[in-house]
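A short write-up of the structure that comes next.
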Amino acid sequence: MHTSISRLLQLTPLISALCLTGLPATASAASDRLADSVIDSVLEGMEAQSPINIRSHNTYFGQLSPLHFNLSSSTDLSVINNGSPSAESTIRANIDPGEGSLTVDGKTYSLAQFHFHEPSEHLENNKAAPMEMHLVFANADNLVVVGRLVNEGSFNSALGPIFSDLPETITETKSIDNFNLNSLLPDRMETFRYTGSLTTPPFTEGVQWITFAQPMEMSATQLQAFETLFPDGNARPVQPLNGRIILTDLPGFVSAMPEPETYAMLLAGLGLVSFVASRRQRLKANEAWFPV
Ligand SMILES: [Zn+2]
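Just so you know, the sequence shown maps onto residues -29 to -1, 1 to 263 in mature numbering (1 follows the signal peptide of the UniProt record, and there is no 0).
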């Protein structure tokens, strides 16, 4: 319920416009129905949502634009809890302006914050990792979220100061000094990229997603500290791909199996397009659960 209300908040100007058209009281029921149908149609238009299931047979291999990170090796973090155990909340490290940036495709974005989801929001070939980190970069026009899956393994010393003393309520702020933001980046820079949305309200679309192929590790104790605050997790379920294309420069990930669209092209001359179309509809309807 809360999610729906939050999603509708972004439509407030639209709803206000509908309410200010000066309709008489007798027309209010019709006006309400009109407003409902407009809201439904706008929400239905949100078809490029995140997270997604990144699979070998829906991902294309190719050369991608280089990523130029310019991150402080000694910065101060303000670590907050914005509402655990709510699934739409997280532990977030806020970063002062000017401490980090990412330049890609000729555009530069400033690092605003990083935060965590448990379990991971993005899946790789149907599999979730225990956790996922999101670094949120922004400029005046757009957002770029750089994600990295987190597996259980070695103690993560870089994140040690954060996860050994997580803020337990929204009233606590933990200050971390001399944090090296570069410690969050992998050795290898291969990524998965696609266009999606925020994974929390208002689920705004047009967000550029860049997920590192190389995961990071945290110890079971570190993961448990987060789970204690979010016993039901804080990951949004995967959303339908709806024809979007995922790109990667990770060798060996993409399978040789062609996309349904490719099948459609191959089969068009054989008069089998309608069969493929019905198959695609079923794929879309079952996107979250469809096995590889
Ligand atoms: Zn996130």
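Even glycine gets a Cβ: it sits at the ideal position worked out from N, Cα and C.
Model, not experiment: these values are computed from the prediction.
Euclidean distance between Cα positions of residue i and residue j
i           : j           : result
residue 29  : residue 217 : 7 Å
residue 41  : residue 76  : 15 Å
residue 65  : residue 147 : 10 Å
residue 271 : residue 131 : Here the chain comprises residues numbered -29 to 263, so residue 271 is not present and cannot be evaluated.
residue 137 : residue 143 : 9 Å
residue 151 : residue 129 : 7 Å
residue 223 : residue 158 : 18 Å
residue -18 : residue 171 : Caution is warranted here: a pLDDT of 36 is assigned to residue -18, below 50, making its placement in the model unreliable, and the coordinate value is therefore given only provisionally. So the alpha carbons of these two residues sit roughly 18 Å apart.
residue 51  : residue 133 : 10 Å
residue 72  : residue 37  : 14 Å
residue 214 : residue 197 : 34 Å
residue 206 : residue 103 : 9 Å
residue 140 : residue 200 : 9 Å
residue 17  : residue 169 : 12 Å
residue 153 : residue 43  : 7 Å
residue 203 : residue 70  : 33 Å
residue 160 : residue 33  : 14 Å
residue 53  : residue 175 : 19 Å
residue 145 : residue 58  : 21 Å
residue 122 : residue 220 : 21 Å
residue 94  : residue 186 : 12 Å
residue 111 : residue 74  : 14 Å
residue 113 : residue 19  : 15 Å
residue 60  : residue 173 : 13 Å
residue 162 : residue 96  : 15 Å
residue 155 : residue 31  : 26 Å
residue 149 : residue 86  : 18 Å
Proximity to residue i [Cα-Cα], best of the options
i           : options              : result
residue 135 : 46, 191 and 209      : 191
residue 84  : 99, 106, 200 and 73  : 106
residue 109 : 150, 129 and 79      : 79
residue 225 : 27, 19, 18 and 17    : 27
residue 183 : 189, 164 and 113     : 164
residue 194 : 62, 45, 179 and 19   : 62
residue 118 : 149, 57, 178 and 56  : 178
residue 55  : 176, 67 and 88       : 88
residue 35  : 186, 181 and 91      : 181
residue 91  : 82, 97 and 101       : 101
residue 82  : 99, 115 and 97       : 115
residue 189 : 162, 120, 86 and 149 : 120
residue 45  : 31, 67 and 60        : 67
Endpoints, the alpha helix (DSSP H) within which residue i is located
i           : result
residue 197 : 191 to 200
residue 134 : 131 to 134
Residue range of the beta strand (DSSP E) that includes residue i
i           : result
residue 214 : Here residue 214 belongs to no beta strand (DSSP E), and DSSP marks it neither H nor E.
residue 109 : 102 to 109
residue 32  : 30 to 32
Residue i at chain B interface by Cβ criterion, 7 Å
i          : result
residue 17 : The chain inventory of the structure shown lacks chain B, comprising one protein chain alone.
Q) With a cut-off of 8 Å, do at least 3 Cβ pairs link the segment 21 to 28 to the segment 207 to 217? A) Yes: at least three Cβ pairs fall under 8 Å.
Q: Measuring from each Cβ to the nearest heavy atom of ligand 3, keep the ones under 6 Å and list them in chain order.
A: Here the bound small molecules are ligand 1; ligand 3 is not part of this structure.
Q. What residue ranges within the segment 34 to 80 form continuous beta strand (DSSP E) runs of no fewer than 3 residues, ordered along the chain?
A. The qualifying runs are 39 to 42, 46 to 52, 62 to 66 and 71 to 75.
**Q.** Touching by the beta-carbon criterion (3+ pairs, under 8 Å), the segment 117 to 129 and the segment 43 to 50
**A.** Touching, no.
Q. Where in the segment 111 to 179 do unbroken runs of the alpha helix (DSSP H), each at least 4 residues long, occur, reported from the N-terminal end onward?
A. Listed in chain order, the complete alpha helix (DSSP H) runs (minimum 4 residues) inside the segment 111 to 179 are 131 to 134.
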